[in-house]
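What the sequence shown shows, in our numbering, is residues 1439 to 1688, in sequence order. We treat Cβ as the ideally placed atom computed from N, Cα and C, and that holds for glycine. As the structure is a prediction and not an experimental result, all values here were calculated from the model. Remarks on the structure that follows.
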Amino acid sequence: NYTYKDFNQFAICRQSSHPGGGVMLLFSPVFKVIQVIIPTKPPSSCDVLATVDTTDGHCWVVVYRPPNCSTDDTASLLTSLESLLSAYRHVTILGDLNMPSFCWQLDDCRPKGTNERNLLLLCESWGLKQLINHPTREANILDIILTTCPERFSNISTEPPLLASDHCTVLASYTHVSHDSHPTEGAVKCFSKANYAAIAQHLAMCQWNIIFSGCQSVNDYWTTLRTILHELIDQFVPTTIKRTPRRKQS
């Protein structure tokens, strides 16, 4: 057990049968943070810790997914993360997902398996952006800063590993925002006012045998379907103005 007296510390030990390890979050006293219950419990093979900064409502999550995690447990992990995304307005997920084959250039992403497709769907559904774009272990990007508010982060860099770690150290600057800041405005999609009847009618009228006729792989089918869904979202989901606090301090 480690204790850092100048920080607020939150940690859980690894839940699986493998000894050692776990996840930890350390916060400066500037952050008024409490640990929160995850609405949908994650699988025992993965470690997930969730906290909320009560000064700005930002949910900070740290996660570890082992390399041998099953497809079912990976799906459960993503469902657990989605329960936090649906509960909190601003969410940042840190940690190690151990998905070396996943392409983090989401616009060009062609998932190779079920785990990768489910992760891509989660990122696209909730507007998550990966801020780490350089390898963190050998040639792979295993570590994540997945966030719904990338505008609050800057100066992201990867540095040499600390001590005996085999992962690079990731550094980033974060701009803290409090509730009493003056609000600014931004355009976002308002899914609660979407015309789902029109979307369903359009999908029912699609001639799928023709649309998918040029597809040869699962990835081709997924990319074609995703394009259609994005077009329907643009057409039938209205845009609204979302008020967010201005930056107050770094």
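From the options, pick the residue whose C-alpha is nearest to that of residue i; which is it?
i: Arg1590; options: Asn1506, Met1643, Ala1610 and Asp1485; result: Ala1610
i: Ser1514; options: Thr1493, Val1486 and Ile1472; result: Val1486
i: Pro1505; options: Thr1493, Arg1527, Phe1540 and Val1490; result: Phe1540
i: Gly1495; options: Thr1509, Arg1503 and Val1474; result: Val1474
i: Asn1556; options: Ile1472, Asp1510 and Lys1470; result: Asp1510
i: Arg1664; options: Ser1524, Ile1594, Asn1536 and Ser1563; result: Ser1563
My understanding is that residue i touches residue j, with C-beta atoms under 8 Å, so please give their C-beta distance in whole angstroms.
i: Val1468; j: Ile1450; result: The Cβ separation is near 23 Å, so there is no contact.
i: Leu1566; j: Thr1586; result: 6 Å
i: Asn1647; j: Phe1674; result: Rounded, the Cβ-Cβ distance is 24 Å, inconsistent with contact.
i: Asp1546; j: Arg1575; result: Not a contact, Cβ separation roughly 22 Å.
i: Pro1588; j: Lys1631; result: The Cβ separation is near 25 Å, so there is no contact.
If you draw a straight line from the alpha carbon of residue i to that of residue j, how long is it in whole angstroms?
i: Ile1476; j: Ile1637; result: 32 Å
i: Val1608; j: Thr1552; result: 28 Å
i: Cys1628; j: Cys1606; result: 38 Å
i: Thr1661; j: Gln1568; result: 20 Å
i: Val1501; j: Ala1577; result: 21 Å
i: Ile1582; j: Leu1532; result: 5 Å
i: Lys1443; j: Pro1599; result: 24 Å
i: Leu1464; j: His1614; result: 15 Å
i: Gly1652; j: Trp1498; result: 43 Å
i: Pro1573; j: Ala1635; result: 44 Å
i: Thr1492; j: Asn1446; result: 14 Å
i: Ile1649; j: Ala1642; result: 13 Å
i: Pro1621; j: Leu1601; result: In this prediction, Pro1621 has a pLDDT of 48, which is less than 50 and means its spatial position is unreliable; what the coordinates show is noted afterwards. Their backbone Cα atoms lie some 43 Å apart in a straight line.
i: Tyr1612; j: Glu1597; result: 17 Å
For residue i versus residue j, is the C-beta spacing smaller than 8 Å?
i: Thr1512; j: Thr1478; result: no
i: Leu1580; j: Leu1519; result: no
i: Leu1522; j: Ala1488; result: yes
i: Asn1657; j: Pro1549; result: yes
i: Cys1507; j: Ser1482; result: no
i: His1640; j: Leu1667; result: no
i: Val1490; j: Tyr1526; result: yes
Tell me residue i's beta-bridge partners as DSSP assigns them.
i: Ile1472; result: Val1490
i: His1528; result: His1496
i: Phe1650; result: DSSP lists no partner for Phe1650.
i: Ile1579; result: DSSP, once it has assigned bridges, lists no residue as partnering Ile1579.
i: Ala1635; result: For Ala1635, which the question treats as bridged, DSSP gives no partner whatsoever.
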